[in-house]
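Reviewing the structure listed below.
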Amino acid sequence: MSDNRFHPLRLLRAFLRPIDPVLALIMAVLFGYAFVLMSSASPERLDSQTMHFVIAVVVMWCAAAIPGQRLLSLALPLYLLGVVLLIGVALFGEVSKGAQRWLDIGITRIQPSELMKIAMPMMLAWFFQQREGRIGWREFIFAGLLLAVPVALIVRQPDLGTSLLVAAAGFYVIFFAGLSWKLIAPVVIVGSLGIGSIVAFGDSLCQPGVEWVGIREYQKHRVCTLLDPTQDPLGKGFHIIQSTIAIGSGGVLGKGWMAGTQTHLAFLPERHTDFIFAVLAEEFGLGGAAVLLVVYLLLILRGFQIAAMAPTLGTRLLAGAVTMIFFTYAFVNMGMVSGILPVVGVPLPFISYGGTALVTLCLGVGILMSIRRSRLANKS
1 MSDNRFHPLR
11 LLRAFLRPID
21 PVLALIMAVL
31 FGYAFVLMSS
41 ASPERLDSQT
51 MHFVIAVVVM
61 WCAAAIPGQR
71 LLSLALPLYL
81 LGVVLLIGVA
91 LFGEVSKGAQ
101 RWLDIGITRI
111 QPSELMKIAM
121 PMMLAWFFQQ
131 REGRIGWREF
141 IFAGLLLAVP
151 VALIVRQPDL
161 GTSLLVAAAG
171 FYVIFFAGLS
181 WKLIAPVVIV
191 GSLGIGSIVA
201 FGDSLCQPGV
211 EWVGIREYQK
221 HRVCTLLDPT
231 QDPLGKGFHI
241 IQSTIAIGSG
251 GVLGKGWMAG
261 TQTHLAFLPE
271 RHTDFIFAVL
281 AEEFGLGGAA
291 VLLVVYLLLI
301 LRGFQIAAMA
311 PTLGTRLLAG
321 AVTMIFFTYA
331 FVNMGMVSGI
341 LPVVGVPLPF
351 ISYGGTALVT
361 LCLGVGILMS
371 IRRSRLANKS
């Protein structure tokens with residue numbers, strides 16, 4: 001006779017089955033960091049950010065519960081949907097702060113470029129899996145075209161930060177699929193020479209009236225401000241100057257929680273979003289920042305471990321690319337807050353205020369959990 005009684009433990013096991021305990025522990029630490037920093041930087045936003053956390057965790061669990069191969073089967077429709085929505089933004093999108101990034105779909109406004117951060121690597125991973133064993137230069141060219149379409153549409157909005165993240169996510173898949181270093185090296189060399197030229201001749205290149213080919217005026221100002229923020233200390237250089245002051249003044253152990261002067265005297269701009277790392281460095285010092293770096297490193301190592309053990313080519317490529325997305329977010333945010341990269345509006349992953357980026361990143365964590373679960377299912 002079967003036992004149909006309700007078993008809470010059985011229900012709990014079913015709920016926890018998709019969850020990777022290592023990733024779950026790492027996420028708990030990152031959410032703890034976020035809660036502590038948000039309580040200091042912007043306590044009035046803590047309730048709404050808590051709701052964002054709840055939504056993001058639900059999305060993460062849903063993604064983790066879907067088998068990895070089934071996730072890849074959604075790649076093509078998600079990619080096509082994202083491209084169509086980006087075209088809709090170009091034709092009918094709402095303009096806000098000089099950028100056309102939002103699309104009103106009646107019940108709410110959406111930012112389709114965020115969808116492409118995950119849809120792009122999924123699409124390319126699915127594509128290379130379909131061509132497994134036959135990957136040659138034609139496949140790499142076609143993959144490059146698939147990547148170029150959404151990136152061009154996002155650049156047009158303009159949204160340099162998101163376009164770089166989408167381009168990086170797609171490039172990681174192409175690289176892991178076997179792109180030759182002979183093709184990458186020339187691009188790296190040309191880019192290094194370009195950066196070196198800007199640094200060496202920045203004084204003349206940043207003069208008013210000097211146009212940079214293929215670069216918008218506001219993007220030129222961002223680079224020139226990075227080279228010398230003191231040229232406009234109360235304008236475009238204000239963010240970098242104040243964030244570096246906050247980071248430097250924190251010392252080794254910091255000034256203490258909720259005791260940061262740059263933060264609480266309102267000198268630090270965007271302290272709850274893009275510049276929340278400066279809040280961390282000011283209040284918890286080098287020690288607190290180092291612990292966060294270790295947590296990010298553990299997240300990346302776990303992601304690569306899952307990628308290395310993934311059962312198929314597509315899931316390996318997707319897991320590797322998603323892991324590198326986490327690295328890119330953290331590296332770019334910390335770089336721009338520290339004054340070594342231009343300010344491009346990239347949040348600190350899992351910690352900065354905001355729902356869209358948090359949900360996107362937690363979706364990535366859910367994808368890693370799904371791929372890890374698929375490997376365990378194949379072994380059994």
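In UniProt numbering, the protein residues as written are 1 to 380. Even glycine gets a Cβ: it sits at the ideal position worked out from N, Cα and C. None of the values given here were measured: they were computed from a predicted structure.
CB-CB length for residue i against residue j, believed under 8 Å
i, j, result
"residue 210", "residue 227", "Wrong, their Cβ atoms sit about 13 Å apart, outside the cutoff."
"residue 229", "residue 241", "5 Å"
"residue 374", "residue 323", "With a Cβ gap of about 16 Å, residue 374 and residue 323 do not count as contacting."
"residue 370", "residue 67", "7 Å"
"residue 92", "residue 103", "7 Å"
"residue 123", "residue 146", "6 Å"
"residue 368", "residue 306", "5 Å"
"residue 292", "residue 79", "Contact doesn't hold; Cβ gap of about 33 Å is too wide."
Opening and closing residue of the alpha helix (DSSP H) in which residue i lies
i, result
"residue 299", "276-308"
"residue 351", "Run containing residue 351: none; DSSP gives neither H nor E here."
"residue 62", "46-65"
"residue 313", "313-338"
"residue 231", "Where residue 231 is concerned, there is no enclosing alpha helix (DSSP H), given that its DSSP letter is neither H nor E."
"residue 257", "Residue 257 -> no alpha helix (DSSP H), and no H or E assigned at all."
"residue 182", "181-200"
"residue 72", "68-73"
"residue 32", "21-41"
"residue 272", "It is not in any alpha helix (DSSP H) - residue 272 carries neither H nor E in the DSSP assignment."
"residue 215", "Note, residue 215: premise wrong, no alpha helix (DSSP H); not H, not E."
"residue 175", "160-176"
"residue 248", "238-249"
"residue 262", "261-264"
Unbroken beta strand (DSSP E) run spanning residue i, endpoints
i, result
"residue 100", "99-104"
Within 8 Å, strictly: CB atoms of residue i and residue j
i, j, result
"residue 285", "residue 339", "no"
"residue 444", "residue 356", "No answer is possible for residue 444: it lies beyond the span of the chain, which begins at 1 and ends at 380."
"residue 298", "residue 26", "yes"
"residue 51", "residue 272", "no"
"residue 150", "residue 82", "yes"
"residue 60", "residue 365", "yes"
"residue 71", "residue 176", "no"
"residue 90", "residue 125", "no"
"residue 303", "residue 319", "yes"
"residue 333", "residue 346", "yes"
"residue 45", "residue 353", "yes"
"residue 159", "residue 99", "yes"
"residue 131", "residue 113", "no"
"residue 256", "residue 283", "yes"
"residue 310", "residue 172", "no"
"residue 358", "residue 169", "no"
"residue 30", "residue 350", "yes"
"residue 178", "residue 110", "no"
"residue 348", "residue 276", "yes"
"residue 243", "residue 268", "yes"
"residue 313", "residue 140", "no"
Per-residue burial, residue i [other beta carbons within 10 Å of its own, 16 or more giving buried]
i, result
"residue 142", "exposed"
"residue 281", "buried"
"residue 325", "buried"
"residue 191", "exposed"
"residue 362", "buried"
"residue 156", "exposed"
"residue 62", "exposed"
"residue 278", "buried"
"residue 208", "exposed"
"residue 252", "exposed"
"residue 388", "In the structure as shown, the chain begins at 1 and stops at 380. Residue 388 is therefore absent and cannot be evaluated."
"residue 2", "Reliability fails at residue 2, whose pLDDT of 49 lies under 50, so the model's placement of it is uncertain and the value that follows must be treated cautiously. By the neighbour-count rule (16 or more Cβ atoms within 10 Å), residue 2 is not buried but exposed."
"residue 118", "buried"
"residue 274", "buried"
"residue 288", "buried"
"residue 94", "exposed"
"residue 270", "buried"
"residue 337", "buried"
"residue 154", "buried"
"residue 163", "buried"
"residue 266", "exposed"
Near the ligand SAH: residue i beta-carbon under 7 Å from a heavy atom
i, result
"residue 81", "No copy of the ligand SAH appears in this structure; indeed no ligand is present at all."
Opposing strand residues paired with residue i [DSSP bridges]
i, result
"residue 94", "102"
"residue 135", "Note: residue 135 sits in no beta bridge, so no partner."
"residue 110", "103"
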